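Enquirer: The structure that follows is given in the form of structure tokens.
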Amino acid sequence: MARGAPLLAAAVVAVVALGSVGATEQEAAGLRQPPVAQGLSFEFYRQSCPRAESIVRDFVRDAVRKDIGLAAGLLRLHFHDCFVQGCDASVLLDGSATGPGEQQAPPNLTLRPSAFKAVNDIRDRLERECRGAVVSCSDILALAARDSVVASGGPEYRVPLGRRDSPRFATAQDVLSGLPPPSSNVPSLLDVLREIGLDATDLVALSGGHTVGLGHCTSFDDRLFPRPDPTMSPDFLGRLKRTCPSKGTDARTVLDVRTPNVFDNKYYVNLVNREGLFVSDQDLFTNATTRPIVERFARSQRDFFDQFGVSMVKMGQIKVLTGDQGQVRRNCSARNPGTADGLQWSSLVQTVVDATAESLGL
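In mature numbering (1 follows the signal peptide of the UniProt record, and there is no 0), the protein residues as written are -23 to -1, 1 to 339.
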């Protein structure tokens, strides 16, 4: 968004119009827009930091232009945050005396360091622009994920804002429970998603994020050794064995063999051709419940893009903290000073008061 009052006003109108066009297209496609969670709003920073979205957008666009891998890194970071304890930026917290942070849990060990750095850099820019900690780290994650999708060729969608940051991180067990391994099949994935209000269509659409990014051999070599997975095409099997010649190989390969650096619908074309990298990918085509959705998205990129935007908005509102819940972190990797045992002192005092009142029958 350009500097100067006239250009600023014009840019705001353009952004709102763009979001409205996207919503209109989704409605025309018969998609029901998810309700906005109480406490969130598309105009949340209109008064407190009107350039917030444009600052994030400009940063991500320039950063992805220099490193296309960052697009997948930022998108994955948002996913891993929301599926564990909700979209509260807890994945960004360093460990403390109470234990290791979420980043040390096995599913998060391969999150890109450059994605964490990008979030911190965005945080610094916003703090200078907004004259303080105004935009939450969880909102930064949601915006950066959307803008990384757009920067790599994917759809624009509007992001409700107003999330607050959690002062505590989840346990390693919570991370493992919230992030099923890539060896999971569709029934087990749906069991997890139903607990957080997502369905089979959301599962297939959100899995489309694998149209960009890389996978580690150790995440799929059970499909290669000792016996090849029969759901994998022979040509694809040969390609993967050249990259991962033995079990435990420390190497990576692209998630999308057709257009690995472009956000498009080729991921679903891969699945139809039995070229999904993970079990959790290919089983979307094998499973009778999700196969028709995969086939529809393989035929129509527009259908995929429309549903992806809807599913991202749903995912981005999982167990959000709003209002006076949580905090807006000054440093995304550490809870604010004056926070004890994962609770702000004011919240802790209020909890004690509430508990005392309850014990008195009030």
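Think of the CB as a built atom: it goes at the ideal place given N, C-alpha and C, for glycine as much as any other residue. Everything numeric in this text was worked out from a predicted model, so none of it was measured.
Cα separation between residue 342 and residue 226?
Expert: Nothing can be reported for residue 342, as the shown portion of the chain is limited to -23 through 339.
Enquirer: For residue 128, collect the residues of the same chain with a Cβ closer than 7 Å to its Cβ; drop the 5 residues on either side in sequence, then sort them by chain order.
Expert: Here the question's residue 128 lines up with position 151 in the sequence shown. Counting only Cβ-Cβ distances below 7 Å, and skipping sequence neighbours, we find 37, 38, 41 and 48.
Enquirer: As a quick exercise: from 300, 311, 312 and 316, pick the residue whose alpha carbon is nearest that of residue 17.
Expert: Indexing the sequence shown from 1 puts residue 17 at position 40. Nearest option by C-alpha distance: 300.
Enquirer: Can you tell me which of 140, 167 and 118 puts its alpha carbon nearest to the alpha carbon of residue 257?
Expert: The residue given as residue 257 occupies position 280 in the sequence shown. It is 167 whose Cα lies nearest to the Cα of residue 257.
Enquirer: For residue 158, which of 119, 265 and 86 has the nearest alpha-carbon?
Expert: Within the sequence shown, residue 158 is the residue found at index 181, counting from 1. Nearest option by C-alpha distance: 86.
Enquirer: Would you mind sorting residue 25 into buried or exposed? The rule is 16 or more other CB atoms within 10 Å of its CB.
Expert: The residue labelled residue 25 in the question sits at position 48 within the sequence shown. Classification of residue 25: exposed, given that the 10 Å Cβ count is below 16.
Enquirer: Can you check which of these residues, 70, 268, 233 and 162, is closest to residue 94 by C-alpha distance?
Expert: Stepping through the sequence shown from its first residue, residue 94 is reached at position 117. Selected option, being the one with the closest Cα: 70.
Enquirer: Here's a check: name, in chain order, each residue in its chain whose Cβ is nearer than 8 Å to the Cβ of residue 341, leaving out the five neighbours to either side.
Expert: Given a span of -23 to 339 for the chain in the structure shown, any question on residue 341 remains unanswerable.
Enquirer: Residue ranges of each beta strand (DSSP E) run of no fewer than 3 residues wholly in the segment 218 to 304, ordered along the chain?
Expert: With a minimum length of 3 residues, the continuous beta strand (DSSP E) runs that stay inside the segment 218 to 304 are 229 to 231.
Enquirer: Terminal residues of the continuous beta strand (DSSP E) containing residue 192?
Expert: Locating residue 192 in the sequence shown gives position 215, where the first residue counts as 1. Per DSSP, residue 192 belongs to the beta strand (DSSP E) from 191 to 193.
Enquirer: Does the distance from the CB of residue 141 to the CB of residue 302 come in under 8 Å?
Expert: Here the question's residue 141 lines up with position 164 in the sequence shown. Here the question's residue 302 lines up with position 325 in the sequence shown. Contact: yes.
Enquirer: Can you give the beta carbon distance from residue 354 to residue 312, rounded, assuming they're within the 8 Å contact cut?
Expert: The chain is shown from -23 up to 339; residue 354 falls before or after that span and cannot be answered.
Enquirer: Would you mind reading off the limits of the alpha helix (DSSP H) that contains residue 340?
Expert: Look at the range of the chain in this structure, -23 to 339, and you will see that residue 340 is not part of it.
Enquirer: Can you name, in chain order, every residue of its own chain whose Cβ lies under 8 Å from the Cβ of residue 123, other than the five neighbours on each side?
Expert: As a working mapping, residue 123 is identified with position 146 in the sequence shown. Cβ within range, chain order: 133, 134, 136 and 289.
Enquirer: Looking at C-beta atoms only, is the number of pairs between the segment 233 to 250 and the segment 193 to 201 that lie closer than 8 Å three or more?
Expert: Judged by Cβ distances under 8 Å, the segment 233 to 250 makes no contact with the segment 193 to 201, as fewer than three pairs qualify.
Enquirer: Pull the bridge partners of residue 308 from the DSSP assignment, please.
Expert: Here residue 308 corresponds to residue number 331 of the sequence shown, with the count starting at 1. In the DSSP output, where bridge partners are listed per residue, residue 308 has 311.
Enquirer: Could you pull out every residue in the same chain whose Cβ sits closer than 6 Å to the Cβ of residue -7, ignoring the five residues on either side in sequence?
Expert: Mapped onto the sequence shown, residue -7 falls at position 17. Unreliable positioning characterises residue -7 in this predicted model, as indicated by a pLDDT of 39, which lies under 50. A coordinate reading is not provided.
Enquirer: For a test of the three-state rule: what should DSSP assign to residue 178, helix, strand or coil?
Expert: Against the sequence shown, residue 178 aligns to sequence position 201. In this structure, residue 178 counts as helix in the three-state DSSP scheme.
Enquirer: Tell me the residue span of the alpha helix (DSSP H) that contains residue 59.
Expert: Position 82 of the sequence shown, counting from 1, holds the residue named residue 59. Residues 46 to 59.
Enquirer: Would DSSP call residue 188 helix, strand or coil?
Expert: Here residue 188 refers to the residue found at position 211 when the sequence shown is read from its first residue. Of the three classes helix, strand and coil, the one that applies to residue 188 here is helix, per DSSP.
Enquirer: From the DSSP output, in three-state form, read off residue 154 for me.
Expert: By 1-based counting over the sequence shown, the position of residue 154 is 177. Helix at residue 154.
Enquirer: Mapping the DSSP letters down to three states, classify residue 196 as helix, strand or coil.
Expert: Start at 1 with the first residue of the sequence shown, and residue 196 comes out as number 219. Residue 196: helix per DSSP, three-state reduction.
Enquirer: Answer with buried or exposed for residue 286, where buried requires no fewer than 16 other C-beta atoms within 10 angstroms of its C-beta.
Expert: Within the sequence shown, residue 286 is the residue found at index 309, counting from 1. Buried, by the Cβ-count rule.
Enquirer: For residue 239, collect the residues of the same chain with a Cβ closer than 6 Å to its Cβ; drop the 5 residues on either side in sequence, then sort them by chain order.
Expert: In the sequence shown, counting from the first residue as 1, residue 239 sits at position 262. Correct list, in chain order: 130.
Enquirer: On the criterion of 16 or more Cβ atoms from any shown chain inside 10 Å, does residue 34 qualify as buried, or is it exposed?
Expert: Taking the sequence shown and counting its residues from 1, the one referred to as residue 34 is at position 57. By the 10 Å Cβ count, residue 34 comes out buried.
Enquirer: Starting from residue 166 and walking both ways along the alpha helix (DSSP H), at which residues does that stretch end?
Expert: Taking the sequence shown and counting its residues from 1, one reaches residue 166 at position 189. Looking at the DSSP string, the run of the alpha helix (DSSP H) that includes residue 166 is 163 to 171.
Enquirer: Going by the beta-carbon positions, is the gap between residue 144 and residue 304 smaller than 8 Å?
Expert: Looking up residue 144 in the sequence shown gives position 167. Looking up residue 304 in the sequence shown gives position 327. Yes, they are a contact pair.
Enquirer: Is the beta carbon of residue 188 closer than 8 Å to that of residue 233?
Expert: If you number the sequence shown from 1, residue 233 lands on position 256. If you number the sequence shown from 1, residue 188 lands on position 211. Result yes, Cβ atoms of residue 233 and residue 188 sit closer than 8 Å.
Enquirer: By the DSSP assignment, the alpha helix (DSSP H) with residue 108 in it spans what residues?
Expert: Here residue 108 corresponds to residue number 131 of the sequence shown, with the count starting at 1. That residue, residue 108, is in no alpha helix (DSSP H); it is neither H nor E in DSSP.
Enquirer: What do you get for residue 228, buried or exposed, if any count of 16 or more other CB atoms within 10 angstroms of its CB means buried?
Expert: Residue numbering aside, residue 228 sits at position 251 when the sequence shown is read from its first letter. Per the 10 Å Cβ criterion, exposed.
Enquirer: Thinking residue 252 and residue 210 are a contact (beta carbons under 8 Å), I'd like their distance in whole angstroms, please.
Expert: If you number the sequence shown from 1, residue 252 lands on position 275. If you number the sequence shown from 1, residue 210 lands on position 233. Residue 252 to residue 210, Cβ: 6 Å. Contact.
Enquirer: Where does residue 201 sit, in a helix, a strand or coil, going by DSSP?
Expert: By one-based count along the sequence shown, residue 201 stands at place 224. If DSSP states are grouped into helix, strand and coil, residue 201 belongs with coil.
Enquirer: In chain order, what residues of the same chain lie with their CB nearer than 7 Å to the CB of residue 163, ignoring the 5 residues before and after it?
Expert: Locating residue 163 in the sequence shown gives position 186, where the first residue counts as 1. These residues qualify, in order along the chain: 260, 261, 264, 266 and 267.
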